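Student:
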Amino acid sequence: LEEQVWVEQMDLKDWFDEISHNELISNQNRIYVISIIGKSSLNDHWDISKFINQVFGKDLFSCTKKYKNCCIEAAFDYDLSILLLRLIGPNDLNKFSLQIENNFNSWSFDMELEYTTFVAYLLMVSHIVLLYHPTCDFDMSFLRLFRNANWYRQIWKNDISEILKNFAGACEDFIYSSRLAIPRLLFCSARAPKFMRPDGTFEAKQVTYNTMEMNTEMMILDVFDNVRLAHTTYIKKDMAFSFPEKERFVLIIPSAEEPCDPLWNIARNMNLWLNTSEPITLQNLTSQDDSRPAYDDFRNFLLNHIDAVANDFDNDDSIDSTFVFQVPNLELFLQFASKLYENMITNRATCTLAKKLAEHLDVDTVLSRELCDRALPLAKDAYEKGLPDFYPKSEHLSKLAQAILVLKQEARGLFLEETIETLKTSCEETWKAGRQQCEAISVTGNICMNPQHRTSELEEGSSLPIMPHIGSLNYISTCNCGHNQSARADPFDLLSANYGFYEENELFTCCTQMEKFEFTIYDGELPEAGCMESPICCSSEILQVPLASSDSSNEADDKNMEMDMLLPDRDNLPAYNFEKEEKFSSSSSEDRHSLESESVGRRHAVRLISTTTSTSTTTTTNDSLEAAEAFSIEDNHELTEETDQSDENCTVDDTDDSENDDDTDDVSESCLRHTQVKFDFDAAYVERKLLGSTAGKNYYWGLPSNRSPPDALPVFPSWAVTCIGSSSLYTHAHGIRDQPNFTRGSNYLLPWNVNVTVDVKKWQDWMNTAANYSKRMSYFSKKPSAIKNGEGLVHVKVFVGFEYECSRGHRFMMQSPDKILKHSGPYGPTDDAEAVLDNDMPLMFPCSCRSNRPFYLGQLMRIHVVTPKAPVVVQVQPRIQIQSAQSIIFDTGIDDIQLESSKYWIVRFPYAYYAMSAPIYLRREGNHAVGKVFKKMITVKSKL
Numbered sequence: 001l002e003e004q005v006w007v008e009q010m011d012l013k014d015w016f017d018e019i020s021h022n023e024l025i026s027n028q029n030r031i032y033v034i035s036i037i038g039k040s041s042l043n044d045h046w047d048i049s050k051f052i053n054q055v056f057g058k059d060l061f062s063c064t065k066k067y068k069n070c071c072i073e074a075a076f077d078y079d080l081s082i083l084l085l086r087l088i089g090p091n092d093l094n095k096f097s098l099q100i101e102n103n104f105n106s107w108s109f110d111m112e113l114e115y116t117t118f119v120a121y122l123l124m125v126s127h128i129v130l131l132y133h134p135t136c137d138f139d140m141s142f143l144r145l146f147r148n149a150n151w152y153r154q155i156w157k158n159d160i161s162e163i164l165k166n167f168a169g170a171c172e173d174f175i176y177s178s179r180l181a182i183p184r185l186l187f188c189s190a191r192a193p194k195f196m197r198p199d200g201t202f203e204a205k206q207v208t209y210n211t212m213e214m215n216t217e218m219m220i221l222d223v224f225d226n227v228r229l230a231h232t233t234y235i236k237k238d239m240a241f242s243f244p245e246k247e248r249f250v251l252i253i254p255s256a257e258e259p260c261d262p263l264w265n266i267a268r269n270m271n272l273w274l275n276t277s278e279p280i281t282l283q284n285l286t287s288q289d290d291s292r293p294a295y296d297d298f299r300n301f302l303l304n305h306i307d308a309v310a311n312d313f314d315n316d317d318s319i320d321s322t323f324v325f326q327v328p329n330l331e332l333f334l335q336f337a338s339k340l341y342e343n344m345i346t347n348r349a350t351c352t353l354a355k356k357l358a359e360h361l362d363v364d365t366v367l368s369r370e371l372c373d374r375a376l377p378l379a380k381d382a383y384e385k386g387l388p389d390f391y392p393k394s395e396h397l398s399k400l401a402q403a404i405l406v407l408k409q410e411a412r413g414l415f416l417e418e419t420i421e422t423l424k425t426s427c428e429e430t431w432k433a434g435r436q437q438c439e440a441i442s443v444t445g446n447i448c449m450n451p452q453h454r455t456s457e458l459e460e461g462s463s464l465p466i467m468p469h470i471g472s473l474n475y476i477s478t479c480n481c482g483h484n485q486s487a488r489a490d491p492f493d494l495l496s497a498n499y500g501f502y503e504e505n506e507l508f509t510c511c512t513q514m515e516k517f518e519f520t521i522y523d524g525e526l527p528e529a530g531c532m533e534s535p536i537c538c539s540s541e542i543l544q545v546p547l548a549s550s551d552s553s554n555e556a557d558d559k560n561m562e563m564d565m566l567l568p569d570r571d572n573l574p575a576y577n578f579e580k581e582e583k584f585s586s587s588s589s590e591d592r593h594s595l596e597s598e599s600v601g602r603r604h605a606v607r608l609i610s611t612t613t614s615t616s617t618t619t620t621t622n623d624s625l626e627a628a629e630a631f632s633i634e635d636n637h638e639l640t641e642e643t644d645q646s647d648e649n650c651t652v653d654d655t656d657d658s659e660n661d662d663d664t665d666d667v668s669e670s671c672l673r674h675t676q677v678k679f680d681f682d683a684a685y686v687e688r689k690l691l692g693s694t695a696g697k698n699y700y701w702g703l704p705s706n707r708s709p710p711d712a713l714p715v716f717p718s719w720a721v722t723c724i725g726s727s728s729l730y731t732h733a734h735g736i737r738d739q740p741n742f743t744r745g746s747n748y749l750l751p752w753n754v755n756v757t758v759d760v761k762k763w764q765d766w767m768n769t770a771a772n773y774s775k776r777m778s779y780f781s782k783k784p785s786a787i788k789n790g791e792g793l794v795h796v797k798v799f800v801g802f803e804y805e806c807s808r809g810h811r812f813m814m815q816s817p818d819k820i821l822k823h824s825g826p827y828g829p830t831d832d833a834e835a836v837l838d839n840d841m842p843l844m845f846p847c848s849c850r851s852n853r854p855f856y857l858g859q860l861m862r863i864h865v866v867t868p869k870a871p872v873v874v875q876v877q878p879r880i881q882i883q884s885a886q887s888i889i890f891d892t893g894i895d896d897i898q899l900e901s902s903k904y905w906i907v908r909f910p911y912a913y914y915a916m917s918a919p920i921y922l923r924r925e926g927n928h929a930v931g932k933v934f935k936k937m938i939t940v941k942s943k944l
């Protein structure tokens, strides 16, 4: 029994159970508990286990064991009734060797939490705590470890007291203090620095070691006193340790008492011999270290402290009277230590106090939580500051970004991302609690100003009110014939933008009785409302603007400039999406040719109709009819005698911005009273025009373009071609006189002299017939020139004007692609129209009504064409490209529009452009021209 030693081979609680059932050990023996905490050496030769084993002269601890987690090795010396508990933790190098593959930060906190828990446990069950260092350097990180362990021990006090009440033999003081004793802390260091190792006689060595130990003790006392962990003159019950007042508590082990390893000594001495010239001897291979007397050995050092602890606590009156120094018998200790180990160590994963320790140890996390909790209300206040009654998602995201910025300025750490998510959720709840604005986007790119609502009972959201979309802006637009203007609300559907405003407006009665082209549209049956596929209004939540890239670096600046003029909010507005229409462009050339051939009939299915009826009939030939019509029309293009008073009354001077505003207000004063024109559409018509099919669709939304399916028709026309009368309505000397709001000097058309190839004989016959009915015989006496093979060239004159209109209703003509027409003088402008016909024209151009940037952009809305009095046909085929980087080109949907001779025609362009996927929004303000209208859109051909 004397040589029997129990070494832990299992969990500590199981080891306690095995000891308690061992018949060789008396449970009534009073025991002292010594806990060993410290660091292991890089070399196994300096392992604390070997050192303890050599001091006690027994194999108490194994030096070869390695543990993945923190654990306590236990050994019991029956002779001395001393229980040794050695803590193995992260300070042991073998612990690091098991974590080579893991990142240190991934397990350091968990290890610190576990290590602190074990140290707190040892503080409750120990009489003496031995802190071992392989060197004389004291690691200051132990201070933080001891403070955290002592804090954790204190929060366990009440629970431990309840445990002790169930144990027989536990005195009241033991129950109240909840631990065996305030453990005495001892320090043991080895391997003093070489420059401090004593040399000389035995007395000199003894003095040197004593001096080193005393100086170390004084430094330790100051440090522990400052952090309130221990003191020598007084002891309080909440202190972690106690220091002896008279005994030394620091031991520096001399080299002679260091654990011996013969192989190590032989190798070391051989290395020394190789560096000297002395011959090798057995004496050289043995250790040359001096030895110290036995009175200072480690065994006596521990036993002296054990005896001193028992005597001092029995007689010291400075100790708190509520504190007890308990030396229990083995049975009571095993009950107490085993139950405490089960609650603190085994069940720590589910222990609420362990969670408090985790929060206490993780200072960065605690600080982050406090900072985030303090910053969150500030961020919410930043979001809610100045909020309107309702607002769109874009403003919600903008305010949320400001709130997140405030949060990031005030908060840091681990909980920042979690707090940001909490802030997002809170702000979104605030926004959705009756503050959401309607997200519908008008065809001009502006958002609806109403709160979230429905426009019909068929839409989802029964709790939402039913109301129409209302924009924040009103515009002034001109009718198809150009004679009247009306204020228009910002349209939210393509039908009212390109068709309803012009055809159903009560103020535009001037256009109803005029001749016009009827464009071929889809006239078949449409599916029910539930099958609607293409929406009219787009939501700002789903709109995006991809920036089209170009391979040419030379065009990058121009394209970026164009994009700046398009779409006021790129994040909320959509550009055209070609995915749905790619199938048309990717089809084979044979398929496209067959489809185009099938659509030739419908592309020419355009007819000229007249809204006026006639009861008379005639049997004259076509040439005679045309000639007779020409006979009744005087050629007023050459007249200049009339005054320009009427012209002055219908123009706007652009030299002064304030005058422009006054003139605009005067012109549209009556129109502004109708800021929102209501159209009385027939319900069946609206349903038929607005709904789309899902399968076998032979119609499409939007404008005709090169991307439109060749076998489908548009739902409604977005273009309008109107004949406002005979060609005599326009006199070049006075310009356009009966149409309002033209800027001064811009109400003129440009002459275009065209040479037409005709049959000489047929031409002469037509001229002779026309001369018989005309008062001006000389006009019809022109003869062809360059006659060859019966054909010759005839000179005819066409008047052309490209009219632009800004959002304020100002109208102006263009003299060239980059210049507004501004003419002054008694006669009309002499510049030829080739400058606007033979060059690509912009779709939008800055208006002169504002002198400061950004300018209002005038949009090409009408092309004026005055056809000559000759047997010719004027063909118009406009083609528009919004962005040079996109391949979509809008057109009228037919091959050509034929304008009859001797008449004044106006081709009205679409107000909004809509592809089959999404609308293309145009900015109403900017500094540069936008878009492109292709050249050569007008051609003249002879009928003869």
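So for the sequence shown, the UniProt record's numbering puts the first residue at 1; every next one is plus one. Just so you know, even glycine gets a beta-carbon here, dropped at the ideal spot from N, CA and C. A quick note: this is a predicted structure, and the numbers were derived from the prediction, not measured.
(1) At the level of alpha carbons, what is the spacing between residue 707 and residue 929?
(2) Between the Cα of residue 250 and the Cα atoms of 187, 874 and 895, which residue gives the shortest distance?
(3) Pull up the distance between the alpha-carbon of residue 941 and that of residue 820, whole angstroms please.
(4) Please classify residue 364: is it buried, with 16 or more other beta-carbons within 10 angstroms of its beta-carbon, or exposed?
(5) Using three-state DSSP, classify residue 226 as helix, strand or coil.
(6) Starting from residue 422 and walking both ways along the alpha helix (DSSP H), at which residues does that stretch end?
(7) Rounded to whole angstroms, what is the Cα-Cα separation between residue 787 and residue 767?
(8) If you draw a straight line from the C-alpha of residue 366 to the C-alpha of residue 248, how long is it?
(9) Along the chain, where does the beta strand (DSSP E) that runs through residue 84 open and close?
(10) What are the partner residues of residue 699, as DSSP defines its beta bridges?
(11) Please report how far the alpha carbon of residue 138 lies from the alpha carbon of residue 223, in whole angstroms.
(12) Taking the continuous alpha helix (DSSP H) assigned at residue 409, which residues delimit it?
(13) Which residues bound the beta strand (DSSP E) around residue 804?
(14) Starting from residue 149, follow the beta strand (DSSP E) in both directions and report where the run begins and ends.
(15) Kindly indicate if chain B contains any beta-carbon less than 7 Å away from that of residue 241.
(16) Unbroken beta strand (DSSP E) runs of length 3 or more, entirely within the region 807-875: which are they?
(17) Residue 50 to residue 22, Cα distance in whole Å?
(18) On a Cα-Cα basis, can you pick out the residue from 145, 180 and 146 that is closest to residue 127?
(19) Between the region 76-95 and the region 115-132, can you find at least three pairs of beta-carbon atoms closer than 8 Å?
(20) Taking the DSSP output, what are the residues bridged to residue 133?
(21) Consult DSSP for residue 905 and reduce its assignment to one of helix, strand or coil.
(22) Identify which residue in 79, 53 and 337 has its Cα closest to the Cα of residue 29.
(23) Could you check which residue in 40, 171, 69 and 82 has the C-alpha nearest to that of residue 60?
(24) Contact defined as beta carbons within less than 8 Å: I believe residue 13 pairs with residue 342. What is the distance between those atoms, to the nearest angstrom?
(25) Going along the chain, which residues of its own chain have a beta-carbon closer than 7 Å to the beta-carbon of residue 112, five neighbours each way excluded?
(26) For residue 900 and residue 765, I'd like the C-alpha separation in whole angstroms.
(27) Hey, out of 908, 798 and 376, whose CA is closest to residue 874's CA?
(28) Should residue 155 go down as buried or exposed, given a rule of 16 or more other Cβ atoms within 10 Å for buried?
(29) Between the Cα of residue 966 and the Cα atoms of 763, 801 and 757, which residue gives the shortest distance?
(30) With distances taken between CB atoms, is the gap from residue 818 to residue 932 smaller than 7 Å?
(31) Can you confirm whether the region 904-913 touches the region 713-731 when touching is taken to mean that 3 or more C-beta pairs between the two stretches lie within less than 8 Å?
(32) What is the DSSP secondary structure of residue 446, reduced to helix, strand or coil?
(33) Looking at the secondary structure, which residues open and close the beta strand (DSSP E) in which residue 940 lies?
(34) With distances taken from CA atoms, which of 705, 712, 811 and 726 is nearest residue 741?
(35) Out of 371, 455, 389 and 436, which one is the CA nearest neighbour of residue 410?
Tutor: Inspection of the coordinates gives the following:
(1) If I take the Cα positions, the gap works out to 25 Å.
(2) Of 187, 874 and 895, the smallest CA-CA separation from residue 250 is found for 187.
(3) Taking the Cα positions, residue 941 is about 29 Å away from residue 820.
(4) By the 10 Å Cβ count, residue 364 comes out exposed.
(5) In the structure shown, residue 226 sits in a helix (DSSP, three-state: H, G or I).
(6) First-last of the alpha helix (DSSP H) with residue 422: 416-432.
(7) Their Cα atoms are separated by approximately 17 Å.
(8) Straight-line Cα distance between these residues: approximately 40 Å.
(9) 82-88 is the span of the beta strand (DSSP E), which, as asked, contains residue 84.
(10) Paired residues: 713.
(11) If I take the Cα positions, the gap works out to 11 Å.
(12) Element bounds for residue 409: 393-410.
(13) Per DSSP, residue 804 belongs to the beta strand (DSSP E) from 791-805.
(14) Per DSSP, residue 149 is not a residue of any beta strand (DSSP E); the alpha helix (DSSP H) it occupies stretches across 141-155.
(15) In the structure shown, chain B cannot be found, because there is only a single protein chain.
(16) If we require 3 residues or more, the beta strand (DSSP E) runs fully inside the region 807-875 come out as 811-816, 844-846 and 855-866.
(17) It is roughly 27 Å from the alpha-carbon of residue 50 to the alpha-carbon of residue 22.
(18) Nearest C-alpha to residue 127 among 145, 180 and 146: 180.
(19) Touching, yes.
(20) Under DSSP, the beta-bridge partners assigned to residue 133 are 189.
(21) In the three-state DSSP reduction, residue 905 falls in the strand class (E or B).
(22) With respect to the C-alpha of residue 29, the residue from 79, 53 and 337 having the closest C-alpha is 79.
(23) In terms of Cα proximity to residue 60, the closest of 40, 171, 69 and 82 is 82.
(24) With a beta-carbon spacing of about 6 Å, residue 13 and residue 342 fall inside the 8 Å limit used to define contacts.
(25) Cβ neighbours of residue 112 within its own chain (closer than 7 Å, five residues either side excluded): 361.
(26) Rounded to the nearest angstrom, the two C-alpha atoms are 20 Å apart.
(27) Put simply, of 908, 798 and 376 the residue whose alpha carbon is nearest the alpha carbon of residue 874 is 798.
(28) With fewer than 16 other Cβ atoms within 10 Å, it is exposed.
(29) The first residue shown for the chain is 1 and the last is 944, placing residue 966 beyond what the model contains.
(30) Their beta carbons are not under 7 Å apart, which means residue 818 does not touch residue 932 by this criterion.
(31) As far as the Cβ criterion goes, the region 713-731 touches the region 904-913, which means the pair count is three or higher.
(32) In the structure shown, residue 446 adopts coil according to DSSP, grouped into three states.
(33) That run of the beta strand (DSSP E) goes 938-942.
(34) The residue from 705, 712, 811 and 726 with its alpha-carbon nearest to that of residue 741 is 811.
(35) Looking at the Cα atoms, 371 is the closest of the given residues.
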